[in-house]
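As given, the protein sequences belong to chains A and B, one line each in that order. Those letters in the first sequence? Residues 12 to 389, per the working numbering, in order. Those letters in the second sequence? Residues 2 to 160, per the working numbering, in order. From the three backbone atoms N, C-alpha and C, an ideal C-beta is built for every residue, glycine too. Being a predicted model, the structure only gives us computed values, none of them experimental. A short worksheet on the structure shown next.
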Amino acid sequence: MNKKIDFREVLQRSLVPIMFIVICAIGIPLSGLSVGYLANEIMTRMGRNIFLILSLLIPIMAGMGLNFGMTLGAMAGEIALILVCDWQIVGIPAMVLAAIISVPISIALGVFCGSILNQAKGREMITSYIMSFFINGIYQLVVLYMMGSIIPIRHGSIKLPRGYGIRNTVSLLSMRQKLDNLIPLTVGGVKIPVATFLVILVMCLFIVWFRRTKLGQDMRAVGQDMGVARDAGINVERTRIISIVISTVLAGFGMIIYLQNMGNIATYSSHSQIGMFCIAALLVGGASVDKASIGNVFLGVILFHTMFIVAPKAGATITGDSMIGEYFRVFVSYAVITIALVMYETSKRRKKKAAGRELQDLQGHGGDDLRTADLGTL
Amino acid sequence: MNKGRKWIFRIGALAIVLAVAAVMFVIGRGHTVYFDNRELAYNGKTVAAPYKIVVSVDGEQVAKLYDKERGMTDTMGQKFSMVVRITQEKGGEEKTSAVSMNLPYNMDGIILNIPAMMAGLPEEAYLTEFIQAPTEEPEEEPAEGEDDMMGEEELLTDV
Chain A
12 MNKKIDFREV LQRSLVPIMF IVICAIGIPL SGLSVGYLAN EIMTRMGRNI FLILSLLIPI
72 MAGMGLNFGM TLGAMAGEIA LILVCDWQIV GIPAMVLAAI ISVPISIALG VFCGSILNQA
132 KGREMITSYI MSFFINGIYQ LVVLYMMGSI IPIRHGSIKL PRGYGIRNTV SLLSMRQKLD
192 NLIPLTVGGV KIPVATFLVI LVMCLFIVWF RRTKLGQDMR AVGQDMGVAR DAGINVERTR
252 IISIVISTVL AGFGMIIYLQ NMGNIATYSS HSQIGMFCIA ALLVGGASVD KASIGNVFLG
312 VILFHTMFIV APKAGATITG DSMIGEYFRV FVSYAVITIA LVMYETSKRR KKKAAGRELQ
372 DLQGHGGDDL RTADLGTL
Chain B
2 MNKGRKWIFR IGALAIVLAV AAVMFVIGRG HTVYFDNREL AYNGKTVAAP YKIVVSVDGE
62 QVAKLYDKER GMTDTMGQKF SMVVRITQEK GGEEKTSAVS MNLPYNMDGI ILNIPAMMAG
122 LPEEAYLTEF IQAPTEEPEE EPAEGEDDMM GEEELLTDV
């Protein structure tokens with residue numbers, strides 16, 4: 012089949028990554044950071060963030076857009092890490108145990124979130140965004156009042172001096188970078204977290220495999236057209252809930268990997284912006300609300316975090332104030348989400364308009380042609 | 002696959018996950034082991050502190066203790082092995098011994114009195130739990146709503 016490449020569409024899809032490549036190309040020399048430092052930082056951030064961002068792919072596949080509800084999984088991961096810390100489990104076993112503990116919490120939150128999103132079809136993103144605020148309230152109730160009073164917490168280093176509630180910061184020194192340093196490898200002065208990348212590789216293979224399974228195909232069908240999928244006998248609601256549950260569980264694992272790299276939990280804020288930054292990184296990689304790939308994740312992390320690293324230094328060089336660079340990167344994070352959403356909505360409307368025009372033309376040519384028209388695109 | 006078999010697989014998978022969690026619970030238990038070089042009196046018997054004790058764990062020296070000194074190391078799991086090199090008197094000969102022991106699961110911090118342990122006293126004599134002295138702390142209020150810097154804090158302080 013000879014498919015014509017629409018350069019305008021390709022350019023439009025790649026607009027955000029191109030914009031970021033330009034920003035990075037200008038920012039890197041201005042920042043004055045060495046190539047070695049940059050490479051080290053990017054490698055660390057790739058290991059830290061990729062797993063979290065990969066958790067966003069499955070809901071996109073199921074047509075549920077960018078899952079701001081991944082924050083729920085992040086909270087589950089944090090609760091699990093707090094418990095594991097209190098039980099004084101250390102190292103890799105602590106991470107494995109935290110991952111196991113986070114699963115039931117993530118599943119419960121995922122089922123709840125998925126059920127709510129089923130009631131808000133077509134408005135999943137804003138619903139999941141607000142949902143993350145709602146669950147954050149419950150998370151605070153659990154962590155601030157129930158831990159130490161109802162849920163036993165023994166250690167004073169974790170508990171607030173008043174006897175219940177968790178401190179602002181919980182140290183994860185006992186598991187800090189244990190996964191990253193499990194297989195030590197340094198190439199040309201750049202430290203590569205081999206074990207973390209192996210975990211990411213397994214995750215990528217899982218996603219590739221999952222897309223080919225019956226459930227994966229069902230999700231794609233649901234993502235393309237819920238009505239057609241339902242007619243084909245797919246339980247649309249159940250499939251959508253499963254996609255959110257998988258995303259939430261993976262986000263929990265991702266948060267554990269993220270926090271082991273950081274070495275501490277900011278109990279009340281670690282999760283709050285995680286969804287926003289992960290989604291921004293994915294969009295920077297060229298993904299859209301309805302289409303995202305593993306390649307987008309890798310490209311997005313590299314570009315977004317290069318911008319994050321160079322912006323303060325470049326800002327300091329240009330304006331003499333590093334805070335300008337800091338404002339810039341925060342502004343860019345939110346702006347990129349806005350641009351991506353506007354672009355998605357514009358292209359959706361354009362497609363709808365074109366389909367309407369096509370239908371009008373077909374009606375002009377007679378009813379027979381209409382019957383043979385591809386109604387799936389309308 | 003019939004329903005019965007499906008449930009057997011599900012229960013089996015759950016059992017495996019629970020077993021893994023239980024194993025992690027045991028092998029991942031962290032302890033802080035403190036080494037004391039102090040004189041100890043037990044049941045009317047007094048064990049004197051030697052001039053110097055050097056403790057190595059996993060081939061790495063973790064403590065060099067003179068009289069009334071304390072060292073420490075963090076360890077994972079219940080089995081604890083160390084190499085102890087004791088010099089009884091200044092300028093004297095160094096005696097090396099390898100020691101292996103099981104650490105009690107319920108103790109986070111464990112104090113080992115090395116002279117008593119090397120003198121062959123029972124565990125109740127040389128092993129005690131380390132209990133942190135309570136300290137007065139100002140009330141810490143959780144700061145909710147702080148923006149997460151995605152690990153940028155270090156970067157900002159560098160600037």
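Interface residues of chain A facing residue 30 of chain B [CB-CB closer than 7 Å]: 99 and 100
Helix, strand or coil at residue 246 of chain A [DSSP, three-state]: coil
Selected residue, minimal CA-CA separation from residue 131 of chain B, among B/47, B/60, B/105 and B/56: Closest option to residue 131 of chain B, Cα to Cα, is B/105.
Close Cβ partners of residue 175 of chain A (< 6 Å) along its chain, the five nearest in sequence each way excluded: 159 and 160
Whole-angstrom distance between residue 257 of chain A and residue 85 of chain B, CA atom to CA atom: 51 Å
Residues of the region 89–112 of chain B with Cβ closer than 7 Å to any Cβ of chain A, in chain order: Look at the region 89–112 of chain B: the residues with a C-beta under 7 Å from a C-beta of chain A are 109.
Interface flag, residue 131 of chain B vs chain A, CB-CB below 8 Å: no
Terminal residues of the beta strand (DSSP E) in which residue 281 of chain A lies: No beta strand (DSSP E) contains residue 281 of chain A, which DSSP labels as neither H nor E.
For residue 364 of chain A, three-class secondary structure by DSSP: helix
Residue interval of the beta strand (DSSP E) (run including residue 192 of chain A): Residue 192 of chain A: not part of any beta strand (DSSP E); DSSP gives it neither H nor E.
Residue 71 of chain B - partner residues in DSSP beta bridges: B/37
Bridge-paired residues (DSSP) for residue 61 of chain B: Answer is B/58, bridged to residue 61 of chain B.
Proximity winner among B/30, B/46, B/47 and B/13, relative to residue 95 of chain A (alpha-carbon distances): B/30
Chain-order list of residues whose beta-carbon lies under 6 Å from that of residue 110 of chain B (same chain, five-residue window excluded): 33 and 131
Proximal chain A residues relative to residue 21 of chain B, where beta-carbon distance stays under 8 Å: 107 and 111
Neighbour flag for residue 153 of chain B against chain A, beta carbons, 8 Å: With a pLDDT of 48 at residue 153 of chain B, under the threshold of 50, the predicted position of this residue should be treated as unreliable, though the coordinate-derived value follows. Yes, residue 153 of chain B lies at the interface with chain A (some Cβ there is under 8 Å from its Cβ).
Proximity below 8 Å, CB of residue 47 of chain A to CB of residue 201 of chain A: yes
Straight-line Cα distance separating residue 43 of chain A from residue 328 of chain A: 9 Å
Beta carbon proximity, residue 160 of chain B to chain A, threshold 8 Å: For residue 160 of chain B, the predicted model reports a pLDDT of 27, less than 50, meaning its position is unreliable and no value from the coordinates is stated.
Complete runs of the alpha helix (DSSP H) confined to the region 202–226 of chain A [at least 4 residues]: Those alpha helix (DSSP H) runs which fall completely within the region 202–226 of chain A and span 4+ residues are 205–223.
As assigned by DSSP and simplified to three states, the class of residue 130 of chain B: strand
Under 8 Å between C-beta atoms of residue 191 of chain A and residue 60 of chain A: no
Enclosing beta strand (DSSP E) for residue 96 of chain B [first to last residue]: 95–103
Sufficient close CB pairs (3 or more, under 8 Å) joining the region 62–76 of chain A to the region 258–265 of chain A: yes
Three-state class that DSSP yields for residue 268 of chain A in the structure shown: helix
Contact between the region 282–293 of chain A and the region 304–319 of chain A (3+ Cβ pairs under 8 Å): Judged by Cβ distances under 8 Å, the region 282–293 of chain A makes contact with the region 304–319 of chain A, as three or more pairs qualify.
Proximity winner among B/82, B/117 and B/14, relative to residue 101 of chain B (alpha-carbon distances): B/82
Chain B contact residues for residue 397 of chain A, given Cβ-Cβ distances below 7 Å: Past the boundaries of the shown model lies residue 397 of chain A; chain A is included only from 12 to 389, so the question cannot be answered.
Contact with chain B by residue 143 of chain A, beta-carbon distance below 8 Å: no
Reduced DSSP secondary structure (H/G/I, E/B, other) of residue 3 of chain B: In the structure shown, residue 3 of chain B adopts coil according to DSSP, grouped into three states.
Interface flag, residue 18 of chain B vs chain A, CB-CB below 8 Å: yes
C-beta contact flag for residue 285 of chain A and residue 85 of chain A at 8 Å: In contact: residue 285 of chain A and residue 85 of chain A (Cβ atoms closer than 8 Å).
Nearest-angstrom Cα separation, counted from residue 326 of chain A out to residue 275 of chain A: 28 Å
Neighbourhood of residue 52 of chain A by C-beta, 6 Å cutoff - its chain only, sequence neighbours within 5 removed: 320
Three-state class that DSSP yields for residue 108 of chain B in the structure shown: Coil.
Below-8 Å beta-carbon distance, residue 77 of chain B vs any chain A residue: yes
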